[in-house]
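Visitor: Protein chains in written order, with our numbering: chain A, 322 to 656; chain B, 322 to 656.
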């Protein structure tokens with residue numbers, strides 16, 4: 322399980338496009354109180370509209386980590402990036418990266434970390450060993466976001482739902498299972514990076530026993546209908562032992578992205594299959610609603626689409642970007 | 322993907338009980354032609370009834386690897402075991418281990434391997450990186466053994482089915498996904514040891530494109546209904562893209578072994594769910610029969626049980642230990 326030291330200095334490096342700095346924007350928006358400032362190289366034209374702080378200045382003001390908030394092309398960190406990260410390490414800050422290439426493959430970073438005792442943390446990887454899943458019923462309540470595909474709003478929905486529950490006075494914790502989620506939460510596990518035998522075991526550790534009325538809102542991964550990643554999804558479903566599922570979907574997709582031969586099942590069937598899978602470790606599981614990424618639809622089309630789904634499935638249907646997730650939070654708390 | 326050097330010298334160490342040497346007996350029985358002899362310490366009272374050869378003598382006669390054929394208590398290899406393994410390494414043989422503890426954690430083995438250039442091979446672990454699954458349809462035919470639980474005959478059934486197909490003149494290859502299977506085949510991957518994201522991708526590599534009438538007989542792992550290991554199972558099912566499934570079952574079990582709260586579904590439902598899962602990457606998949614571990618039943622009870630299942634499920638039902646798997650081989654070739 323990763324544990325990160327906050328607050329963060331967000332490193333934009335030489336980013337020229339906002340879309341290259343998705344991680345940095347996500348952190349600014351979802352853990353605003355934990356972000357102290359931004360640092361970029363002279364070449365960068367992107368800003369988060371946060372205070373500009375050098376690594377040394379940020380460390381002086383108490384920053385715990387510098388987070389690489391941009392994607393490195395081909396996973397290689399250019400020399401001018403390394404200089405900024407070394408400065409942060411020398412000032413005592415940890416370096417947090419979600420890149421594929423491990424920080425420990427850069428000798429100058431390893432040397433700087435050894436000098437100061439600071440840590441190199443690769444949130445995309447997992448070096449921890451986990452026990453096998455036990456299936457033991459844990460106390461507290463859990464909701465898991467699941468999807469008809471990857472990359473259609475499972476993390477966003479879980480974050481929004483956590484906030485909505487907290488706004489209603491409920492006790493709720495976002496549980497991160499992917500690298501950006503781990504950075505936002507400051508802890509969690511990149512579930513797709515653990516050894517296959519221990520997917521469910523790692524998911525069990527992620528949402529331990531809790532107070533009876535506490536909600537863990539668990540970030541889903543992959544999809545049960547995904548030819549590459551369904552194993553991760555199923556292990557996460559089993560280890561999470563969710564009381565409730567929220568199904569996330571993008572109506573512009575008929576097939577799994579990048580897999581044109583893999584049709585996405587109709588939503589009633591998708592719900593049936595997720596509930597069937599989840600009932601192995603929690604027989605009381607039910608789907609409490611749908612979270613739709615409706616960016617492909619006009620306002621009128623979205624209204625029609627949502628109304629039709631509500632009538633067909635008899636469940637709340639929201640788009641977190643179009644009116645929020647209140648109906649899902651209400652459904653969870655009403656149960 | 323592991324690749325082992327045959328022929329083998331089987332190391333029985335100080336085993337006192339046949340049951341401690343299951344791996345050695347399995348290798349003797351399933352890859353007889355690849356086993357040159359056995360070597361044991363003076364304390365051992367177990368024999369495979371094979372020629373006794375010291376590591377040095379075996380190497381002189383062309384042995385490629387010494388295989389640890391017994392389980393080490395707590396994963397620690399005692400000093401007298403290490404001496405024998407060092408002798409083998411010094412004679413140029415690789416050491417093959419299926420223990421949890423990696424061979425590289427024993428400095429004297431690492432030193433001996435460096436001296437001779439021989440390899441330390443931990444078949445329970447996987448240090449290879451695999452690509453993500455593609456879902457691309459491959460040429461050739463594939464049958465996968467699946468189960469209602471772990472440890473009830475999936476490997477045994479796959480091995481027996483490979484032999485039965487070959488005996489009928491069919492071209493067939495056993496594809497190993499667990500440590501003992503890898504030792505028997507001399508190659509394969511411990512699928513539960515790969516990084517979660519790449520389960521399906523590793524399974525795709527395991528059974529590459531082949532001749533149109535060639536059968537890969539793939540060793541299944543875990544169970545879709547297992548609270549710890551279902552993720553491994555699902556990824557293996559998807560990456561294998563089987564044309565045919567054989568369901569393995571032990572009628573003495575009502576619940577998953579070690580998980581008394583997890584009932585095993587009835588067999589028709591188990592078949593439905595495996596076929597549903599597998600149809601994601603091969604819409605033509607079908608279950609061709611059942612392989613029953615009937616050791617809990619008398620001859621009469623087995624006859625009744627098998628007859629009832631055949632009538633109910635309209636499928637061949639065999640026990641590899643009670644009459645073999647001919648009916649499954651016939652069903653595969655008839656299709």
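A virtual CB, placed ideally from N, CA and C, is assigned to each residue, including glycine.
Small disclaimer: the values here were computed from a predicted structure and weren't measured.
Specify the secondary structure class of residue 594(A) as computed by DSSP and reduced to three states.
Guide: Three-state result, residue 594(A): helix.
Visitor: Give the residues of chain A in contact with residue 595(B), contact being defined as C-beta atoms less than 8 Å apart.
Guide: Those do not exist, as residue 595(B) stays about 13 Å from chain A at its closest Cβ, beyond 8 Å.
Visitor: At a Cβ threshold of 9 Å, is residue 477(B) touching chain A?
Guide: Not closer than 9 Å to any Cβ of chain A, the Cβ of residue 477(B) fails to qualify, so no.
Visitor: Check whether the segment 534-541 of chain A touches the segment 603-621 of chain A, counting contact only when three or more Cβ pairs, one atom from each stretch, lie closer than 8 Å.
Guide: No, because fewer than three Cβ pairs between the segment 534-541 of chain A and the segment 603-621 of chain A fall closer than 8 Å, the two stretches do not touch.
Visitor: Any idea what DSSP makes of residue 478(B), helix, strand or coil?
Guide: It is helical.
Visitor: From this set, 601(B), 476(B), 336(B) and 509(B), which residue's C-alpha is nearest residue 394(B)'s C-alpha?
Guide: Closest option to residue 394(B), Cα to Cα, is 336(B).
Visitor: Start and end of the beta strand (DSSP E) containing residue 495(B)?
Guide: Per DSSP, residue 495(B) belongs to the beta strand (DSSP E) from 493-496.
Visitor: Could you check the C-alpha separation between residue 629(A) and residue 471(B) for me, to the nearest Å?
Guide: So the alpha carbons of these two residues sit roughly 44 Å apart.
Visitor: Between residue 556(B) and chain A, is the shortest Cβ-Cβ distance under 9 Å, so that the two count as touching?
Guide: Closer than 9 Å to some Cβ of chain A, the Cβ of residue 556(B) qualifies, so yes.
Visitor: For a cutoff of 9 Å on Cβ pairs, would you count residue 546(A) as touching chain B?
Guide: True, the Cβ-Cβ gap to chain B drops below 9 Å.
Visitor: In angstroms, rounded to a whole number, what distance separates the CA positions of residue 440(B) and residue 416(B)?
Guide: Answer to the nearest angstrom: the Cα atoms are 6 Å apart.
Visitor: For residue 500(A), which residues from the same chain have a beta carbon less than 7 Å from its beta carbon, with the 5 sequence-adjacent residues on both sides left out?
Guide: Excluding positions up to five away in sequence, the list reads 419, 444, 445 and 511.
Visitor: Nearest by alpha-carbon distance to residue 326(A): which of 509(A), 341(A) and 644(A) is it?
Guide: Closest option to residue 326(A), Cα to Cα, is 509(A).
Visitor: Evaluate the contact criterion for the segment 425-439 of chain B versus the segment 372-379 of chain B: three or more CB pairs, one atom per stretch, below 8 Å.
Guide: These segments do not touch.
Visitor: Quick one: does residue 521(A) have its CB under 9 Å from some CB of chain B?
Guide: By this cut-off, residue 521(A) is an interface position.
Visitor: Alpha helix (DSSP H) containing residue 504(B): first to last residue?
Guide: Per DSSP, residue 504(B) belongs to the alpha helix (DSSP H) from 500-506.
Visitor: At a CB-CB cut-off below 8 Å, which residues of chain A make contact with residue 512(B)?
Guide: By Cβ distance, chain A contributes 517.
Visitor: Can you round the beta-carbon distance between residue 553(A) and residue 493(A) to whole angstroms, since I take them to be within the 8 Å contact cut?
Guide: Residue 553(A) to residue 493(A), Cβ: 24 Å. No contact.
Visitor: Could you work out which residue in 368(A), 610(A), 564(A) and 414(A) is closest to residue 380(A) when comparing CA atoms only?
Guide: Nearest of 368(A), 610(A), 564(A) and 414(A) to residue 380(A), Cα basis: 414(A).
Visitor: Along the alpha helix (DSSP H) that carries residue 381(A), what are the first and last residues, could you check?
Guide: That run of the alpha helix (DSSP H) goes 376-381.
Visitor: Pick helix, strand or coil for residue 451(A), following the three-state DSSP scheme.
Guide: The answer is coil: DSSP assigns residue 451(A) none of H, G, I, E or B.
Visitor: Indicate whether the contact test is met: 3 or more Cβ pairs, each with one atom in the segment 641-648 of chain A and one in the segment 592-601 of chain A, closer than 8 Å.
Guide: No, the segment 641-648 of chain A is not in contact with the segment 592-601 of chain A.
Visitor: For residue 332(A), report the span of its beta strand (DSSP E) as first-last.
Guide: Looking at the DSSP string, the run of the beta strand (DSSP E) that includes residue 332(A) is 329-334.
Visitor: If I measure Cβ to Cβ from residue 298(B) and keep anything under 7 Å in the same chain, skipping five residues before and after, which residues do I get?
Guide: Missing from the structure shown is residue 298(B); chain B here goes from 322 to 656 and no further.
Visitor: Going along chain A in order, which residues have a C-beta closer than 8 Å to the C-beta of residue 601(B)?
Guide: Result: 546, 548, 551 and 583.
Visitor: What does the alpha-carbon distance come out to for the pair residue 469(B) and residue 479(B)?
Guide: Computed Cα separation, rounded: 15 Å.
Visitor: What do you reckon, are the CB atoms on residue 333(A) and residue 342(A) nearer than 9 Å?
Guide: The answer is yes: Cβ separation under 9 Å.
Visitor: Please determine if the segment 387-403 of chain A and the segment 340-356 of chain A are in contact, where contact requires at least 3 C-beta pairs separated by less than 8 Å.
Guide: Segments in contact, yes.
Visitor: Name the DSSP beta bridge partners of residue 584(A), please?
Guide: 576(A).
Visitor: For residue 447(A), count neighbouring Cβ atoms within 10 angstroms of its own Cβ and tell me buried if that reaches 16, exposed if not.
Guide: Buried, because 16 or more other Cβ atoms sit within 10 Å of the Cβ of residue 447(A).
Visitor: Mind pulling the chain A residues with CB within less than 8 Å of residue 626(B)?
Guide: Correct list: empty, because the minimum Cβ distance to chain A is about 26 Å.
Visitor: Would you mind sorting residue 542(A) into buried or exposed? The rule is 16 or more other CB atoms within 10 Å of its CB.
Guide: Classification of residue 542(A): buried, given that the 10 Å Cβ count is 16 or more.
Visitor: Going along the chain, which unbroken runs of the beta strand (DSSP E) with 3 or more residues stay wholly within the segment 513-548 of chain B?
Guide: Runs found: 536-539.
Visitor: Mind reading off the beta-carbon distance from residue 474(A) to residue 569(A)? Whole number of angstroms is fine, and I expect it under 8 Å.
Guide: Indeed, because the Cβ distance is near 5 Å, the residues count as touching under 8 Å.
Visitor: Rounded to whole angstroms, what is the Cα-Cα separation between residue 399(A) and residue 412(A)?
Guide: Straight-line Cα distance between these residues: approximately 20 Å.
Visitor: Can you tell me the Cβ-Cβ gap for residue 606(A) and residue 564(A), rounded? I've got them flagged as a contact below 8 Å.
Guide: Correct: roughly 6 Å between the Cβ atoms.
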